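Numbering (my numbering), first residue to last: 1 to 467.
Reviewing the structure listed below.
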């Protein structure tokens, strides 16, 4: 596909930027976003400021192209027909359901692309779609709102539950909540409708309730969830012999999950005696699962649960590579929308990584490619590229189907210089700090210290020669 000499130069110098814009045009077409808002929003309305324009403005903030909403507004002033105050009012009234629908829409579009690219990671359980569930409380914002001023406590703008597909490394669903003090378990009723038959849901102990695991089982799905200390179990057999794994010793036994002393669900309890304690100091963990033993023995269940850390990596990338928490957005709806747009950006990056896996190999991308440097090149080159190649030049990619766009992405991925997005080498062990020297003075001359060091070195060399 030839779009001109300027396009060719960007494609050769920064294929990642070209890939990102083509993916954005495919997954976030303005007409589709505006239609989504009209379909989902219950109270919101559109007069002059389109939802697609708001998404574009917030994308500039979370992707590092603008420091805050005001600077993004100034950059797009010629395309925004309303005042800055109107933009802020629009953000503070965007319903959480709209943010959730935005993530789901883009995730579905990216799913088709990743499938066509053939860039999925090797599954732990063949034939089973795994979903990892975790929560994230948004960090405290600046005290810009009148109700937050004068308080010593940091104002929390909300909480989200995220669902990760570890095979494609994309976030499939987001469940936003405006109350920052809400317990994650309080949102589980919204998770259950997302559970599909034959899926395997992996989660930490915060989500281990008898009701939740029972409802997953009733929907014909499976789970591997760490046992919470308050979950009552009734043993139905003895522990099997310990089996050695890469992280410790594993054994299992059948148990009943009980409510009020009454058994409600028979499951397997997999015990892992860890070689190294967890960050909380736990040397032993227990994982509850209803996976068939002939399909996943105790070792496989432990490996499936260990894959839960993939979502921790996703949250880290959302925080470091993308600004998922914009601390200038004090209103909960605005902050949650900012997080949702960051998730959209993360899913676009997931497509780029899938294209790289398809061309350069999954192991190479996993070990060597840094999500931070991929996002950095995107944020650095993208604005200039969009000046040289305005949006009208990219419309063609929005008309392509996933099977038409995927070959283009693979071709561009082959041009990526992996050294430009390579992870930093592991840090060397921290050296022991030298003992402090009391100078008996508030200042010291650096030049004199260097001269003393040189004299000391010359003295040592002279002494060695005399020996």
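Ideal placement from N, C-alpha and C gives every residue a C-beta, glycine not left out.
The model shown is predicted, which means the values in this text are computed figures rather than measured ones.
_On the CB-based measure, 16 or more other CB atoms within 10 Å of its CB, does residue 225 come out buried or exposed?_
Counting from 1 along the chain shown, the entry for residue 225 is found at position 225. So residue 225 counts as buried.
*With burial defined as no fewer than 16 other Cβ atoms inside 10 Å of the residue's Cβ, what is the status of residue 189: buried or exposed?*
Translated into the one-based positions of the chain shown, residue 189 becomes position 189. Only exposed fits residue 189, as fewer than 16 other CB atoms lie within 10 angstroms of its CB.
*Since I believe residue 311 is in contact with residue 227 (beta carbons under 8 Å), could you give me their beta-carbon distance rounded to a whole number of angstroms?*
Within the chain shown, numbered from 1, the residue matching residue 227 stands at position 227. Within the chain shown, numbered from 1, the residue matching residue 311 stands at position 311. Actually they do not touch by this definition, with Cβ atoms about 19 Å apart.
*Mind the definition here: the segment 347 to 354 touches the segment 9 to 26 only if three or more C-beta pairs lie below 8 Å; say whether that holds.*
By the criterion of at least three beta-carbon pairs nearer than 8 Å, the segment 347 to 354 is in contact with the segment 9 to 26.
*For residue 149, which residues of its own chain have a beta-carbon under 6 Å away from its beta-carbon, when the five flanking residues on both sides are left out?*
By 1-based counting over the chain shown, the position of residue 149 is 149. Within the same chain, Cβ atoms closer than 6 Å to the Cβ of residue 149 are found at 143, the five residues on either side in sequence being excluded.
*Determine, using beta carbons only, whether residue 16 and residue 387 come nearer to each other than 8 Å.*
The residue given as residue 16 occupies position 16 in the chain shown. The residue given as residue 387 occupies position 387 in the chain shown. It is not a contact, given that the beta carbons lie outside the stated cut-off.
*With C-beta atoms as the reference, is residue 10 less than 8 Å away from residue 385?*
The residue given as residue 10 occupies position 10 in the chain shown. The residue given as residue 385 occupies position 385 in the chain shown. Yes.
_Measuring only the C-alpha atoms, how far is residue 69 from residue 63?_
If you number the chain shown from 1, residue 69 lands on position 69. If you number the chain shown from 1, residue 63 lands on position 63. Near 12 Å, if we compare the C-alpha coordinates of residue 63 and residue 69.
*Of the residues 271, 419, 245, 275, which one's Cα is nearest the Cα of residue 367?*
Along the chain shown, one-based indexing puts residue 367 at 367. Here the closest residue by C-alpha is 419.
_Where residue 347 falls, given that 16 or more other Cβ within 10 Å makes a residue buried_ = Locating residue 347 in the chain shown gives position 347, where the first residue counts as 1. It counts as buried.
*So what does DSSP say about residue 177, is it helix, strand or coil?*
Taking the chain shown and counting its residues from 1, one reaches residue 177 at position 177. Reduced to three states, the DSSP call for residue 177 is strand.
*Neighbour-count burial assignment, residue 165, 16 or more Cβ in a 10 Å radius*: Taking the first residue of the chain shown as position 1, residue 165 is located at position 165. Buried, because 16 or more other Cβ atoms sit within 10 Å of the Cβ of residue 165.
*asked:* Suppose you measure from the CA of residue 32 to the CA of residue 399; what does that come to, to the nearest Å?
replied: For the purposes of this step, residue 32 is identified with residue 32 of the chain shown, where counting begins at 1. For the purposes of this step, residue 399 is identified with residue 399 of the chain shown, where counting begins at 1. C-alpha separation (whole angstroms): 12 Å.
*What whole-angstrom Cβ distance do residue 421 and residue 369 have, given they're in contact under 8 Å?*
On the chain shown, residue 421 is found 421 positions in, with the first residue counted as 1. On the chain shown, residue 369 is found 369 positions in, with the first residue counted as 1. Rounded, the Cβ-Cβ distance is 5 Å, consistent with contact.
*Per the contact definition of three or more C-beta pairs closer than 8 Å, is the segment 232 to 251 in contact with the segment 297 to 306?*
Three or more beta-carbon pairs separated by less than 8 Å link the segment 297 to 306 to the segment 232 to 251, which places the two stretches in contact.
*Can you tell me which of the three DSSP states residue 269 falls into?*
As a first step, residue 269 is located in the chain shown; it is residue number 269 there, counting from the start. Correct three-state label for residue 269: strand.
*With residue 335 and residue 158 assumed to form a contact (beta carbons below 8 Å), what rounded beta-carbon distance in angstroms separates them?*
Taking the first residue of the chain shown as 1, we reach residue 335 at position 335. Taking the first residue of the chain shown as 1, we reach residue 158 at position 158. Confirmed, about 6 Å.
*If you compare alpha carbons, which of 30, 280, 462 is closest to residue 392?*
Numbered from 1 along the chain shown, position 392 holds the residue referred to as residue 392. Ranking 30, 280, 462 by CA distance to the CA of residue 392 puts 30 first.
*Grab the span of the beta strand (DSSP E) containing residue 137 for me, first residue to last.*
Residue mapping note: residue 137 aligns to position 137 of the chain shown, counting from 1. Element bounds for residue 137: 130 to 137.
*Is it a yes or a no for the segment 197 to 213 touching the segment 120 to 132, going by three-plus beta-carbon pairs under 8 Å?*
Verdict: yes, contact present.
*Is there contact here, the segment 227 to 246 with the segment 290 to 300, by at least three beta-carbon pairs under 8 Å?*
Because the criterion of three Cβ pairs below 8 Å is met, the segment 227 to 246 and the segment 290 to 300 touch.
*Pull up the DSSP beta-bridge partners for residue 235, would you.*
Taking the first residue of the chain shown as position 1, residue 235 is located at position 235. DSSP lists 255 as the beta-bridge partner residues of residue 235.
*Might you give, ordered along the chain, the residues of its own chain that have their beta carbon closer than 6 Å to the beta carbon of residue 232, omitting 5 neighbours on each side?*
One-based indexing of the chain shown puts residue 232 at position 232. Excluding residues within five positions, the ones whose Cβ falls inside 6 Å are 258.
*Over what stretch of residues does the beta strand (DSSP E) that includes residue 222 continue unbroken?*
Taking the chain shown and counting its residues from 1, the one referred to as residue 222 is at position 222. 222 to 226 is the extent of the beta strand (DSSP E) around residue 222.
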